[in-house]
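Reading through the structure tokens given below for one structure.
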Amino acid sequence: MIHSCGDQLISEATWVLLLRLNRGYPGHDFPRDGINFVMEKLTDQNIFWCLDEVLHEAGMPEERSESLKINLKEKAETATGSLVYTSTTGGLDKNFRINPSAPLPKPKPGQHLVQAIATALNPVDYKPAEIPVVGRLIVPKPATPGIDFAGRIIVPATGSPLKRGQLVFGMAGTNPLAGGALAEFTLAETENAVALPDGVDAVDAATIGVAALTAYQSIVPRVNKGDHVFINGGSGGTGVFGIQIAKAVGCHVTTTCSTANIELCKSLGADEVVDYRKQAVVEALKGSGRTFDHVVDNVGADLNLYWRCHEYTNPQAVYVMVGGTPSFGFAVGMFKMMLWPGFLGGGKRKFAGFFPKPKYEDLEQIGMWMKEAKVRAIIDQKFSFEQAPKAFEKLKTGRAKGKIVVDVASETYRKACRAGNFCAEMEIHITAHNRKDTYMP
Ligand SMILES: NC(=O)c1ccc[n+]([C@@H]2O[C@H](COP(=O)([O-])OP(=O)(O)OC[C@H]3O[C@@H](n4cnc5c(N)ncnc54)[C@H](OP(=O)(O)O)[C@@H]3O)[C@@H](O)[C@H]2O)c1
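First residue of the sequence shown: 75, per my numbering; consecutive thereafter.
Shown next, in the form of structure tokens:
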């Protein structure tokens, strides 16, 4: 059950605690055992929202209430849980441990402090960190992965129109390669945290961050209604959003996937699906009778798709490379595609690398499309917080159908990290999420 305190919603557990404080000692100072009781039970930051009110009603003298608040704050600041790794030897998923007493992240100006509900995984959560030597420099350790998030604002950024208690989604963290949403509390830059639209499930919105923003920014600014778009890799995290977003802006979509995912791609709106396991992709595109206006490559495994793209695209088409592997061979291939001019035997179409840029309006638009059911979240599997290493194992197979979600505020997480109360309203959002764990085509 949810109660309100001023304009804030607070959990049942916090409410009970506040009532007990208030009723137990009305009009009196708090005896020592009362303070100890609070100190032991305090597991919910929300108490601060109502503390002034309750202490005032309880008749606590101001100097006494100030010291109690400081004690409570200190206790709370060391009582947050997060998933960390300090090494990537053998894969970062083999090195995770739960830190039940991580310090509360301290927001700087322009950052919200957010209580995480769920995160969806992306290859960027492990690929850069696992690059030998360089990974150590670009992702400082100990690190907590998780860029995509949905959560609730605990401390809003100064000047932000978003309020404390507001449910939000977007991209967490202050380093674009590190994230931090696999934790009870995380930070999000104002540009990267958008209000959750009414009626959109928080867990669905948690899948938007990197993948949907990538799909949006690699397609929408480069196409016009009616354009023919080719999306290489339609069934993974970025692909499922790419198909739907291209359709939402009125494009004709051709995509690739393996046999098992054809129905999924069609159900998302793809007009033509090429089974790359059964057909040679360039030949199939040429044989379609279409010339494509735009190409997005979410795979990056077959560079011939670029070298030969003049055979299936119009001369103004741009080939946007989203996918790829952090390997020397791939880096060399990228340089060739970017720098080798067509008149000297290089590619005959414009080539563009890609990295998503934080943009509030883009995230907001995707959230609105989700509200309008023009875009839906495709969740391959949902894992509990403790199963996060398994979630990474699955992601690393490269065979996910849509997104892999880790439910940060799950029951197991609470048991593992905190012995006490959690935000009941979050639980309501999660249990309302009535999805089957596995996507069934
Ligand atoms: N540049 C950026 O800023 C950026 C942003 C996001 C993602 N990325 C990169 O983009 C790539 C895709 O990301 P993601 O999140 O979509 O990964 P993902 O969810 O792990 O992608 C898995 C999907 O890839 C498909 N796939 C694998 N090989 C394929 C092939 N040869 N042809 C067509 N589909 C193939 C699989 O489909 P089947 O099982 O049907 O084969 C599976 O559905 C990754 O390399 C990632 O690092 C880059």
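We put the beta carbon where it would ideally sit given N, CA and C, even for glycine.
(message) Using the Cβ count rule (16 or more neighbours within 10 Å means buried), how would you classify E499?
(response) Bear in mind that the predicted position of E499 carries a pLDDT of just 34, short of 50, making it unreliable; the figure below should be weighed with that in mind. The residue is buried, with at least 16 neighbouring Cβ atoms inside 10 Å.
(request) With DSSP collapsed to three states, give me the class of C383. (result) Helix at C383.
(message) In this structure, how does DSSP classify N378 when only helix, strand and coil are distinguished?
(response) In the three-state DSSP reduction, N378 falls in the helix class (H, G or I).
(request) Spatial neighbours of V475 within its chain, please: CB distance less than 7 angstroms, with the 5 preceding and 5 following residues excluded, ordered by chain position. (result) Val is not the amino acid found at residue 475; the sequence shown has Lys there. If we look at K475 and ignore the five residues flanking it on each side, its Cβ neighbours are S309, N335, L338, I452, D454, Y513.
(message) What residue range does the alpha helix (DSSP H) around D167 cover?
(response) That residue, D167, is in no alpha helix (DSSP H); it is neither H nor E in DSSP.
(request) Please determine, among V242, T162, F243, the residue with the shortest C-alpha to C-alpha distance to P214. (result) Between P214 and the set V242, T162, F243, the nearest pair of CA atoms involves T162.
(request) May I ask which residues mark the beginning and end of the beta strand (DSSP E) holding S458? (result) Unbroken beta strand (DSSP E) run through S458: 453-458.
(message) Quick check: what's the CA-CA separation for V242 versus A267?
(response) Distance from the CA of V242 to the CA of A267, rounded to the nearest whole angstrom, comes to 6 angstroms.
(request) Whole angstroms is fine: what's the gap from E204's alpha carbon to P430's? (result) Using only the alpha carbons, I get a separation of about 20 angstroms.
(message) Let me confirm a value: T329 is counted as buried when at least 16 other C-beta atoms fall within 10 Å, else exposed. Which label applies?
(response) Burial is judged here by how many other beta carbons sit within 10 angstroms of a residue's own beta carbon; T329 has at least 16 and is buried.
(message) DSSP three-state label for E346, please.
(response) Taken through DSSP and simplified to helix, strand or coil, E346 comes out as strand.
(request) Identify whether V449 lies in helix, strand or coil by the three-state DSSP scheme. (result) In the structure shown, V449 sits in coil (DSSP, three-state: anything other than H, G, I, E or B).
(request) Compare the beta carbon distance of G244 and G283 with 9 angstroms and say whether it is the shorter of the two. (result) Contact: yes.
(request) Please classify K182: is it buried, with 16 or more other beta-carbons within 10 angstroms of its beta-carbon, or exposed? (result) It counts as exposed.
(message) I'd like to know whether the C-beta atoms of G247 and I221 end up nearer to each other than 9 angstroms.
(response) Yes, the pair counts as a contact, with Cβ atoms nearer than the cut-off.
(request) Identify every run of the beta strand (DSSP E) within the segment 168-232, keeping only runs that are complete inside it and at least 3 residues long; order them along the chain. (result) The qualifying runs are 171-176, 185-194, 222-229.
(message) On the CB-based measure, 16 or more other CB atoms within 10 Å of its CB, does E385 come out buried or exposed?
(response) When all chains shown are included, E385 counts as exposed.
(message) With a threshold of 8 angstroms on Cβ separation, who are the neighbours of G398 within its own chain once the five nearest residues in sequence on each side are excluded?
(response) Cβ neighbours of G398 beyond the five flanking positions: G374, F404, M408.
(message) Does P230 pass the burial test, meaning 16 or more other C-beta atoms within 10 Å, or should it be called exposed?
(response) P230 is buried by the Cβ-count criterion.
(request) Check whether the segment 155-170 touches the segment 194-209, taking contact to mean three or more Cβ pairs, one atom from each stretch, closer than 8 angstroms. (result) Judged by Cβ distances under 8 angstroms, the segment 155-170 makes contact with the segment 194-209, as three or more pairs qualify.
(request) Excluding the 5 residues preceding and the 5 following C491 in the sequence, name in chain order all residues of the same chain whose CB lies nearer than 7 angstroms to its CB. (result) Since pLDDT at C491 reaches only 41, below the 50 mark, its modelled position is unreliable, and the value read off the structure follows with that caveat. For C491, where only same-chain residues beyond five positions count, the Cβ hits under 7 angstroms are G155, I172, P174, E258.
(message) Assuming K321 is part of the alpha helix (DSSP H), what are its boundary residues?
(response) First-last of the alpha helix (DSSP H) with K321: 311-322.
(message) In the DSSP assignment, the beta strand (DSSP E) including T330 goes from what residue to what residue?
(response) Unbroken beta strand (DSSP E) run through T330: 326-331.
(message) Suppose you measure from the CA of D275 to the CA of R423; what does that come to, to the nearest Å?
(response) For D275 and R423, the distance between alpha carbons rounds to 41 angstroms.
(message) Would you call the segment 376-384 in contact with the segment 311-328, where contact means no fewer than 3 C-beta pairs closer than 8 angstroms?
(response) Verdict: no, contact absent.
(request) Using 8 angstroms as the cut-off, classify the Cβ of K475 as near or not near the heavy atoms of ligand 1, replying yes or no. (result) Within the cutoff, so yes.
(message) Taking DSSP's pairing of strands, which residues face M395 in a bridge?
(response) Per DSSP, D371, G427.
(message) Mapping the DSSP letters down to three states, classify A262 as helix, strand or coil.
(response) When secondary structure is reduced to three states using DSSP, A262 falls in the strand class.
(request) Decide if N306 is buried, meaning its Cβ has at least 16 other Cβ atoms within 10 Å, or exposed. (result) N306 is buried by the Cβ-count criterion.
(request) Select from V482, A483, I478 the residue whose C-alpha is nearest the C-alpha of L195. (result) The option with the nearest alpha carbon to L195 is I478.
(request) With a cut-off of 8 angstroms on the beta carbons, I'd call G225 and A190 a contact; round off their distance for me. (result) With a Cβ gap of about 4 angstroms, G225 and A190 count as contacting.
(message) Would V392 and V406 be called neighbours here (beta carbons separated by less than 9 angstroms)?
(response) In this structure, V392 sits away from V406, with a CB-CB distance that is not shorter than 9 angstroms.
(request) Could you name the residues of the same chain whose beta carbon sits closer than 7 angstroms to that of G427, not counting the 5 residues immediately before and after it, in chain order? (result) Contacts found: M395, M408, M412.
(request) Check whether the Cβ atoms of K456 and V277 sit closer than 9 angstroms, and answer yes or no. (result) The answer is yes: Cβ separation under 9 angstroms.
(message) DSSP three-state label for S156, please.
(response) If DSSP states are grouped into helix, strand and coil, S156 belongs with the strands.
(request) Could you tell me how far apart the beta carbons of A192 and A285 are, in whole angstroms, since I believe they sit closer than 8 angstroms? (result) With a Cβ gap of about 14 angstroms, A192 and A285 do not count as contacting.
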